[in-house]
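In the working numbering, the protein residues as written are 40 to 179.
Where is the CB? At the ideal position from N, CA and C, for every residue including glycine.
Remarks on the structure that follows.
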Amino acid sequence: MKNLIEQRKKLRERYRKEFLEDLAGHEIHPAEDEFLSRLMDCMKKHLEDPGFSVKHLGEELHMSHTQLYRKVRSITDHTPNEYIRNTRLKMAARMFLEGHRNISSVLYTTGFNSPSYFTQSFRELFGMNPSEYIRQAKSK
Numbered sequence: 040m041k042n043l044i045e046q047r048k049k050l051r052e053r054y055r056k057e058f059l060e061d062l063a064g065h066e067i068h069p070a071e072d073e074f075l076s077r078l079m080d081c082m083k084k085h086l087e088d089p090g091f092s093v094k095h096l097g098e099e100l101h102m103s104h105t106q107l108y109r110k111v112r113s114i115t116d117h118t119p120n121e122y123i124r125n126t127r128l129k130m131a132a133r134m135f136l137e138g139h140r141n142i143s144s145v146l147y148t149t150g151f152n153s154p155s156y157f158t159q160s161f162r163e164l165f166g167m168n169p170s171e172y173i174r175q176a177k178s179k
């Protein structure tokens with residue numbers, strides 16, 4: 040039992056680390072489960088839709104809210120809402136790395152409605168606001 044708990048903890052940490060480090064556009068293909076691939080495909084499909092919610096995600100994946108919450112939480116250690124928000128922020132960061140410099144167009148393209156919420160969320164995930172991130176990306 041102790042080994043199973045430890046194994047699950049390592050798996051969560053691995054996916055969390057991959058999620059945060061995977062800004063170069065590489066696909067995440069977990070050996071254990073195709074679920075994350077389906078989840079990411081669904082997110083890419085609805086990236087620009089600010090109304091896309093956990094309810095819609097569950098419907099698209101043919102899962103109840105509870106099933107979706109448990110599965111996403113057990114694999115990524117994020118709630119489905121956090122996963123949606125962080126995926127959008129990750130896509131925004133990728134766009135900044137690819138040369139997009141207009142923060143407003145990127146935030147709307149990635150499904151955010153509020154510039155202040157986007158900036159606050161971006162700062163929480165990446166430790167800097169979008170303009171600092173862009174400056175840092177330019178200097179690389």
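key: Counted within 10 angstroms of its Cβ, other Cβ atoms place residue 122 as buried (16 or more) or exposed   = buried
ask   = residue 149 to residue 127, Cα distance in whole Å?
value = 5 Å
message = Under DSSP, the alpha helix (DSSP H) around residue 162 begins and ends at which residues?
response = 154-165
Reference residue 44, options 114, 167, 142 and 172, closest by Cα = 114
message = Less than 6 Å between C-beta atoms, sequence neighbours within five positions excluded: which residues of the same chain meet that for residue 168?
response = 158 and 162
ask   = Between residue 109 and residue 101, what straight-line distance do the alpha-carbon atoms span, to the nearest angstrom?
value = 14 Å
query = Is residue 85 closer than 8 Å to residue 93 when the C-beta atoms are compared?
reply = no
task = Just list the alpha helix (DSSP H) runs in the stretch 87-123, keeping only unbroken ones of 4 residues or longer that don't cross its boundaries, in chain order.
result = 93-100 and 104-115
query = Which two residues bound the contiguous alpha helix (DSSP H) that contains residue 171?
reply = 169-178
Local Cβ density within 10 Å of residue 129, reported as buried at 16 or more and exposed below that = buried
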